[in-house]
Amino acid sequence: MSLQPIHHTFGPHVSGRYARKADRLLLTPWTWKHTVETERLRSAIQEQFGGSVHLFASGREALLALLRSLQFEQGAEIIVQGFTCVALPNAIHAAGYTPVYVDIDKETLNMDTQALQGRISNRTRAIICQHTFGIPADTARLRHICTEKHIILIEDCAHILPDKAGPDAIARQGDYLLLSLNRDKALSGMTGGAIVDCKRSRENALCTEEKTALPLRRGHIARLLLYAPLYRKTRFVYGLCGLGKMLLFLSRKVGLLLPVLTAQEKEGTMSPQLHTMPEPCAALARMEWPNLQAINSHRRARTAQYLAAAAERGWKMPRGVQADLPLQKFPLYVEDADAIRTRLKQKGMYLDDGWTGAVVCPRSAHQETANYTAGSCPHAEYVARHILTLPTHPTTTEKQAKKLIQSLSSLLG
Ligand SMILES: Cc1ncc(COP(=O)(O)O)c(C=O)c1O
């Protein structure tokens, strides 16, 4: 077993440079009340996507701000796809609306536009399309449907931010774009989220949501920043006599590490209180923004590497996976995904990313409270059972990917 784990969740964006910046920010708490970096980040996002940009402490809060600003009637239906994160239905519920699930196409992991037609009702007000793991959804078709039925299209770009090389299908058709800057997303500020109001149609209402948002507590921000140096150091000693594991266990125990989803969120509750984008997190995201092309190139290289190996060995995967996509993670279909993950874990490869075992992820999320009815999205249920994802994030090296492929070869044949 090698010392450094192969992983999805041990600080995927945390390079040495990233950790040093987080360290500096941690040591200069008096700068946290400024808004210079937040405004610079806003300008960078606006320069890329246009429209008006509204920043919040997370993607889920940004989505809640948008849904509230749209002022639909109570109980209005918002369509999401099966195989999604519980953060989405939670935000929909917190806004007073009802999430409705549409099954996915197993070849793209995205909303099946045929199945969608049967789920649109006279209460449908918006569709959130996800671009799962960076595979582009059929936005042209979705745009057509939304225009025809007078429904709002929200493109969720949490898993992919397009760059100059594309993909062109992303971030062009939506009325609104949702961005997440969480620690495992396309680009990371440790936390943060944005709504791009492409036509500036709810600009005033979104500005009001932003102005009435509260700052996160300083202790919370400190723990967000601490995540970077902690994981960076832990990664180096992870395989060393359980030292890294112990360090992480203790950090969690004493509350130094914040979970991505709280127990309440997994049970389907989200606070209606919004928070502002923390300035140091904006500083991290702003430092990363000019590197988007390089981050995506790295993801494209890992995607192409896995794709070549999978094609050569006849591994099953969604057909929507293409070598030129900067995938957030690379999906495979395997017979007993849980068993394979357990076997890989014994070799220091941690592939449980939370996107397994349930239609509303993670599997510990309460499915019924999230309004998911078992059996209503059979393809999403199939995917949840069979998916195995491989890391493409900026700190996965070519050598690690090669090692993972070798281990998988002996497990999958
Ligand atoms: C597809 C998708 N959209 C939105 C979100 C919410 O983003 P955030 O974690 O920044 O709240 C998540 C994950 O949490 C997600 O996976």
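For what it's worth, numbering that gives the first Met the number 0 labels the leading residue of the sequence shown as 0, then goes sequentially. All C-beta atoms, glycine included, are put in the ideal place defined by N, C-alpha and C.
Starting from the C-beta of residue i, find all residues in its chain whose C-beta is less than 7 Å away, skip the five residues before and the five after it, and write them out in chain order.
i	result
Ala357	Ala364, Gln366 and Ala383
Tyr371	Tyr100, Val358 and Val359
Ala309	Met316 and Leu331
Ala170	Phe48, Glu154, Cys156, Pro161 and Leu176
So which of the options has the shortest CA-CA distance to residue i?
i	options	result
Thr190	Asp196, Arg182 and Cys206	Arg182
Leu87	Ile386, Leu160, Gln73 and Gln129	Gln129
Thr395	Ala284, Ile159, Leu224 and Asn295	Asn295
Asp167	Asp137, Ile150 and Ser187	Asp137
Ile404	Leu331, Thr37 and Gly133	Leu331
Arg222	Pro28, His12 and Pro4	Pro28
Lys210	Arg234, Pro98, Ser68 and His219	Ser68
Glu287	Phe9, Leu24 and Tyr17	Tyr17
Gly313	Leu407, Cys206 and Glu72	Leu407
Ile153	Leu26, Ile78 and Lys163	Ile78
Ser272	Leu213, Lys315 and Lys252	It should be pointed out that residue 272 corresponds to Gln in this sequence rather than to Ser. Comparing Cα-Cα distances from Gln272 to each of Leu213, Lys315 and Lys252, the minimum goes to Leu213.
Arg19	Leu229, Leu247, Thr368 and Gly241	Leu229
Lys184	Pro11, Glu380 and Ala373	Pro11
Lys163	Gly319, Gln47 and Ala369	Gln47
Cys280	Arg199, Leu186, Arg171 and Pro258	Leu186
Glu208	Glu334, Leu63, Lys244 and Phe329	Leu63
Ala322	Val333, Val253, Glu311 and Arg299	Arg299
Round the Cβ separation of residue i and residue j to the nearest angstrom and send it over; I've been treating them as touching at under 8 Å.
i	j	result
Arg118	Ala75	Their Cβ separation, rounded to whole angstroms, is 14 Å, which puts Arg118 and Ala75 out of contact at 8 Å.
Leu54	Arg39	That belief does not hold up - the Cβ atoms of Leu54 and Arg39 are roughly 11 Å apart, past 8 Å.
Cys145	Gly50	About 17 Å; that fails the 8 Å criterion.
Ile159	Gln327	6 Å
Ile44	Val35	Not confirmed; about 15 Å, so no contact.
Leu177	Ala61	6 Å
Thr391	Thr275	Wrong, their Cβ atoms sit about 31 Å apart, outside the cutoff.
Thr107	Pro317	6 Å
Leu283	Gly188	4 Å
Leu387	Gly133	Their Cβ separation, rounded to whole angstroms, is 16 Å, which puts Leu387 and Gly133 out of contact at 8 Å.
Leu66	Gly238	Their Cβ separation, rounded to whole angstroms, is 44 Å, which puts Leu66 and Gly238 out of contact at 8 Å.
Ala336	His385	6 Å
Ala125	Ile151	4 Å
Below 6 Å CB to CB, which residues in the same chain sit around residue i once its five sequence neighbours on both sides are set aside?
i	result
Arg340	Leu350 and Asp351
Trp354	Cys360
Cys376	Gly81, Tyr100, Asp102 and Val358
Ser179	Gly58, Ala157 and Gly192
Leu215	Ala56, His274 and Pro277
Thr131	Leu108 and Asn109
Arg201	Ser68
His297	Pro393
Thr97	Gly74 and Glu76
Thr112	Asp137 and Arg140
Asp104	Asp111
Cys84	Cys360
Should residue i be counted as a contact of ligand 1 given a C-beta to heavy atom distance under 7 Å?
i	result
Thr138	no
Gln129	yes
Thr83	yes
Ser375	no
Val363	As written in the sequence, residue 363 is Ser, which differs from the Val given in the question. No, the Cβ of Ser363 stays beyond 7 Å of every heavy atom of ligand 1.
Ser179	yes
Ser57	yes
Leu63	no
Leu87	yes
Asp111	no
Ala157	yes
Gly192	yes
Using a Cβ-Cβ cut-off of 8 Å (strictly less than) and excluding sequence neighbours within five positions of residue i, which residues of its own chain qualify?
i	result
Lys148	Ile119 and Thr123
Leu410	Ile339, Arg342 and Leu343
Answer with yes or no whether the minimum CB distance from residue i to chain B is below 8 Å.
i	result
Phe329	Checking the listed chains, one finds no chain B in this structure; it contains a single protein chain.
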